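Novice: One structure follows; several queries about it will come next.
Number of protein chains: 2
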Amino acid sequence: MIKALFFDVFGTLVDWRTSVARASAATLRPLGFDLDWLAFADAWRARYQPAMEDVRSGARPYVKLDVLHHENLRKILPEFGVRDPEPATIEELSRRAWRRLDAWPDVVEGLRQLRTKVLIAPVSNGNISLMADLAKYNGIAWDAILGAEIAHDYKTNAAVYDAACAAFDLPPGECAMVAAHTGDLRAAAGRGLKTIHVARPNENGPGRGEAKPGGPVDFAVRDLLELASVMAS
Amino acid sequence: MIKALFFDVFGTLVDWRTSVARASAATLRPLGFDLDWLAFADAWRARYQPAMEDVRSGARPYVKLDVLHHENLRKILPEFGVRDPEPATIEELSRRAWRRLDAWPDVVEGLRQLRTKVLIAPVSNGNISLMADLAKYNGIAWDAILGAEIAHDYKTNAAVYDAACAAFDLPPGECAMVAAHTGDLRAAAGRGLKTIHVARPNENGPGRGEAKPGGPVDFAVRDLLELASVMAS
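Going down the list, the sequences are from chains X and R. Position in the first sequence (from 1) plus 555 gives the number in the numbering used here. Position in the second sequence (from 1) plus 555 gives the number in the numbering used here.
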């Protein structure tokens with residue numbers, strides 16, 4: 556019996572791509588830059604996994620994802636010909652862009668229903684303040700914010716899943732990871748958690764996302780409303 | 556400008572005394588015990604500070620408050636003549652009693668209003684699962700659960716206040732501790748946080764609680780509804 560649902564956030568709950576593109580345009584267009592904003596968002600996101608890998612491998616101590624987002628933004632700006640904006644502008648954009656991400660249409664109501672049945676928490680690589688701001692922006696209420704910051708490590712390392720189960724005092728078999736990314740679910744299953752795949756066929760652009768799991772999972776749902784309707788309370 | 560409110564929980568937000576008495580009676584009376592249930596709750600609570608002191612002093616590594624509650628219950632049972640209940644009964648009572656604590660009448664609505672203005676989080680000595688269950692029981696939505704478990708230390712040690720500010724990426728001067736206990740507020744002020752006293756004149760029984768702060772604080776309010784009405788958004 557599942558007593559807690561752990562949610563991946565970027566891509567699974569929120570549309571990071573169009574939201575980051577919009578936030579980047581809102582900040583940089585008034586400074587005279589006219590970029591392919593979706594390509595800009597993609598480039599920013601492309602540096603996400605390599606940056607975390609330094610922490611996962613032990614080459615670098617844990618730092619919050621806010622720090623990595625800021626470093627990654629500084630790296631891609633010159634690639635897009637954006638030279639020498641004010642440091643405060645970069646800092647503000649890097650923080651703000653990843654806090655104003657629109658939830659997919661089923662998410663707010665789906666989570667509201669699920670929270671009446673089980674414990675729900677983000678188990679994201681995003682840090683606590685980022686998760687709190689993102690929840691507030693979208694009108695989401697969590698039971699707790701778990702994930703990378705309480706583990707001081709990044710998914711898909713085992714410590715993140717283990718720390719989430721431990722925080723709720725639950726054996727992993729009574730917890731389920733919910734994600735639109737098969738790799739995340741595979742890692743969670745490796746720690747004994749149940750796995751639930753959510754289809755997000757347009758995460759990386761039209762038709763470029765996981766419409767179906769790319770490997771074995773316990774359940775696969777169309778969206779969180781479907782999950783809420785099939786989940787026993 | 557205050558951007559986050561950190562709440563003490565036991566006594567400040569919830570009436571632990573009558574709730575623990577009720578839960579203890581519900582478990583032990585059917586086993587044939589007829590105790591002074593309020594005295595039982597007081598005795599259980601009286602072991603709270605000494606048990607945490609072992610962790611605060613460094614004599615013992617951090618363990619969750621659930622563990623201390625369980626140990627303390629085992630110590631007081633013989634004092635009340637309750638001998639040899641099943642270990643599962645003790646375990647169940649120790650977990651359950653501190654998760655079904657009724658909020659004071661102003662709390663749920665007060666927190667709902669405050670959450671529309673600033674970040675709100677418990678900064679309690681209670682562990683994450685205890686705080687999550689308590690919030691769910693009362694219908695409270697937090698922005699995050701901070702406090703002892705993320706600091707691996709107990710109030711009033713500095714690490715707990717410091718870790719809460721750090722989790723929200725805020726300087727302590729933009730955070731306020733809200734409590735009905737002057738000692739908690741004094742310690743928070745020592746780390747640079749603002750302090751808000753809430754009157755709970757009946758916490759330890761009729762007329763036995765802090766109706767007013769016992770030392771200097773930044774603000775003193777009657778209840779959370781008053782705090783919400785004076786708080787700028």
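Note that beta-carbon positions come from the ideal geometry of N, C-alpha and C, so glycine has one too. The structure presented is a predicted model; accordingly, all values stated were derived computationally and were not measured.
Are any of the Cβ atoms in chain R nearer than 7 Å to that of X/Leu674?
Specialist: Yes, contact with chain R.
Novice: Tell me, please, whether the CB atom of R/Ala718 is closer than 7 Å to any CB atom in chain X?
Specialist: R/Ala718 does not count as touching chain X.
Novice: So with CB distances below 9 Å, who are the chain R contacts of X/Ala699?
Specialist: Per Cβ cutoff of 9 Å: Ile683, Ser684, Met686, Ala687, Ala690, Trp697, Ala699 and Ile700.
Novice: By the criterion of Cβ-Cβ separation under 8 Å, what are the contact partners of X/Phe723 in chain R?
Specialist: Those within 8 Å of X/Phe723 in chain R are Ile683, Ser684 and Ala687.
Novice: Given R/Ile683, which residues of its chain have a CB within under 7 Å of its CB, disregarding the five upstream and five downstream residues?
Specialist: Contacts found: Ile700 and Glu704.
Novice: Fully enclosed by the stretch 577 to 609 of chain R, which alpha helix (DSSP H) runs are 4 residues long or longer?
Specialist: DSSP runs (the alpha helix (DSSP H)) wholly in the stretch 577 to 609 of chain R: 592 to 601.
Novice: Evaluate R/Ser579 with the Cβ neighbour count: other Cβ atoms within 10 Å of its Cβ, from every protein chain shown; 16 or more gives buried, anything less gives exposed.
Specialist: Result: buried.
Novice: Counting along the chain, where does the alpha helix (DSSP H) carrying R/Ser679 start and finish?
Specialist: Here R/Ser679 belongs to no alpha helix (DSSP H); instead the beta strand (DSSP E) covers Leu674 to Ser679.
Novice: Can you check whether the CB of R/Val575 is closer than 7 Å to the CB of R/Ala687?
Specialist: Cβ distance not < 7 Å, so R/Ala687 and R/Val575 don't count as in contact.
Novice: With distances taken from CA atoms, which of R/Arg741, R/Val715 and R/Val673 is nearest R/Asp696?
Specialist: Inspection of the sequence shows that residue 696 of chain R is occupied by Ala rather than by Asp. Residue R/Val673 is the option with its Cα nearest to R/Ala696.
Novice: Would you call X/His752 buried or exposed, if buried means 16 or more other Cβ atoms sit within 10 Å of its Cβ?
Specialist: So X/His752 ends up on the buried side.
Novice: May I have a chain-ordered list of the beta strand (DSSP E) segments no shorter than 3 residues that lie completely inside the stretch 681 to 741 of chain R?
Specialist: The qualifying runs are 730 to 734.
Novice: Just to confirm my understanding: we take R/Ala766, look at its own chain, exclude 5 residues before and 5 after, and list those with CB closer than 6 Å. What are they?
Specialist: Closer than 6 Å at Cβ, skipping near neighbours: Ala754 and Pro756.
Novice: Quick check: the stretch 770 to 786 of chain R against the stretch 646 to 666 of chain R, are there 3 or more CB pairs under 8 Å?
Specialist: In short, these stretches touch, since the Cβ pair count reaches three.
Novice: For X/Lys749, which beta-bridge partners are listed by DSSP?
Specialist: DSSP output for X/Lys749 lists X/Ala731 as bridge partner(s).
Novice: Just how far apart, CA to CA, sit R/Leu623 and X/Asp609?
Specialist: R/Leu623 and X/Asp609: Cα-Cα distance of roughly 38 Å.
Novice: Could you tell me the boundaries of the beta strand (DSSP E) in which X/Ala658 lies?
Specialist: It is not in any beta strand (DSSP E) - X/Ala658 carries neither H nor E in the DSSP assignment.
Novice: In chain R, what lies closer than 7 Å to X/Ile705 by C-beta?
Specialist: The contacting residues are Ile705.
Novice: Looking only at DSSP bridge pairs, what is X/Leu560 linked to?
Specialist: X/Leu560 pairs with X/Ile675 and X/Ala731.
Novice: With a cut-off of 7 Å, does the C-beta of X/Asp717 fall near any C-beta of chain B?
Specialist: Among the protein chains of the structure shown, namely X and R, there is no chain B.
Novice: Taking just the CA atoms, how far does X/Leu560 sit from X/Thr671?
Specialist: Distance between the alpha carbons of X/Thr671 and X/Leu560: 12 Å.
Novice: Out of curiosity, what's the CA-to-CA distance linking R/Gly728 and R/Leu748?
Specialist: Each residue's alpha carbon lies about 5 Å from the other.
Novice: With DSSP as the reference, identify every bridge partner of R/Val569, one or two as the case may be.
Specialist: R/Phe565 and R/Ala658.
Novice: Taking 7 Å as the threshold (C-beta atoms), are R/Arg746 and R/Asp717 in contact?
Specialist: Contact: yes.
Novice: Taking R/Ala775 as part of the alpha helix (DSSP H), name the residues at either end of that continuous run.
Specialist: Note, R/Ala775: premise wrong, no alpha helix (DSSP H); beta strand (DSSP E) at Phe774 to Val776.
Novice: Kindly indicate which three-state DSSP category R/Pro771 falls into: helix, strand or coil?
Specialist: R/Pro771: coil per DSSP, three-state reduction.
Novice: X/Met732 and X/Leu725 look like a contact to me (Cβ under 8 Å); what is the Cβ gap, rounded to whole Å?
Specialist: 13 Å between Cβ atoms; not a contact.
Novice: Between X/Val678 and R/Gly587, what straight-line distance do the alpha-carbon atoms span, to the nearest angstrom?
Specialist: The straight-line gap from Cα to Cα measures roughly 45 Å.
Novice: Three-state secondary structure (DSSP) at R/Glu646?
Specialist: DSSP places R/Glu646 in helix when its eight states are reduced to three.
Novice: What separation, rounded to the nearest whole angstrom, lies between the Cα atoms of R/Ala598 and R/Ala713?
Specialist: Answer to the nearest angstrom: the Cα atoms are 27 Å apart.
Novice: Report yes if the C-beta distance between R/Leu620 and R/Gly681 is below 7 Å; otherwise report no.
Specialist: Against a cut-off of 7 Å, the Cβ pair of R/Gly681 and R/Leu620 comes out as a contact.
Novice: Under the three-state reduction of DSSP, which class applies to X/Val618: helix, strand or coil?
Specialist: Note: X/Val618 maps to coil in three-state DSSP.
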